[in-house]
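Below you'll find the structure, written out as structure tokens, and then a few comments.
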Amino acid sequence: MPPRACSIANALQVIGERWSLLALREIFFGVRRFDQIATNTGASRDILATRLRTLVEAGLLEKQRYNAHPPRYEYVLTDVGMALHTVLLTLMSWGDHHVTQGEPPTVWRHSCGAELTPRTVCASCGDEVHAPDLTLVRADGLGTDE
1357 MPPRACSIAN ALQVIGERWS LLALREIFFG VRRFDQIATN TGASRDILAT
1407 RLRTLVEAGL LEKQRYNAHP PRYEYVLTDV GMALHTVLLT LMSWGDHHVT
1457 QGEPPTVWRH SCGAELTPRT VCASCGDEVH APDLTLVRAD GLGTDE
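Heads up, the numbering used here is the position in the sequence shown plus 1356, with the first residue counted as 1.
Written as structure tokens, this is what we have:
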């Protein structure tokens, strides 16, 4: 039997590798050039090149030439890539609260002036979303333990 159709599994095919997420983090932070992304992530150059190519092919990043001779490129988030900002911020917040010991290594400030604490809210009513408030309406191929 094939595995259940799942948007999480589909997304992980594109961004679910450590170096992909760390490269996206760096680009989200404003680091655009390959050498600095490699330094800041600790990724080997060949693995990072493969991950960046995958992210470009998936439409999350664009390569933009910044030097003609020799040809040099920087990586810029597309709208699709920028849409991951909530995922990255939420993952960072989870890590800050459940994995990182001591003060968080990165802090974001919202335009209102307050330190950012990501929350998920219902687009319809504006209430904060908590797991007990959710009802699964559809999950193709959902098996049960019964």
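Even for Gly, the Cβ is constructed at its ideal location relative to N, Cα and C.
When Pro1460, Val1370 and Ala1479 are compared, the shortest CA-CA separation from Glu1471 is found for Pro1460. Spanning the alpha carbons of Pro1474 and Thr1442 requires a straight line of approximately 8 Å. Going by beta carbons, Leu1417 and Gly1437 fall inside the 7 Å limit. In this structure, the CA atom of Val1387 is about 6 Å from the CA atom of Ile1393.
Burial of Ala1379 is indicated by the presence of at least 16 other C-beta atoms within 10 angstroms of its C-beta.
Between Leu1433 and Ile1383, the gap from beta carbon to beta carbon is short of 7 Å. Nearest neighbour of Arg1374 by Cα position, chosen from Leu1404, Ala1487 and Gln1420, turns out to be Leu1404.
Within the model, the alpha-carbon separation for Tyr1431 versus Leu1447 is close to 22 Å. Exclusion of the five residues before and after Asp1483 leaves Val1477 and Asp1489 as the residues of its chain whose Cβ lies within less than 8 Å of its Cβ.
If you draw a straight line from the Cα of Ser1467 to the Cα of Pro1359, it is about 43 Å long.
DSSP, read as helix, strand or coil, puts Val1455 in coil.
With at least 16 other beta carbons inside 10 angstroms of its own, Ser1376 counts as buried. Per DSSP, Val1432 is one residue of the beta strand (DSSP E) stretching across Arg1428 to Leu1433. Relative to the Cα of Ala1367, the nearest Cα in the group Asp1452, Thr1410 and Ala1487 belongs to Thr1410. Across the structure, Gly1415 and Asp1435 are spaced so that their CA atoms are roughly 9 Å apart.
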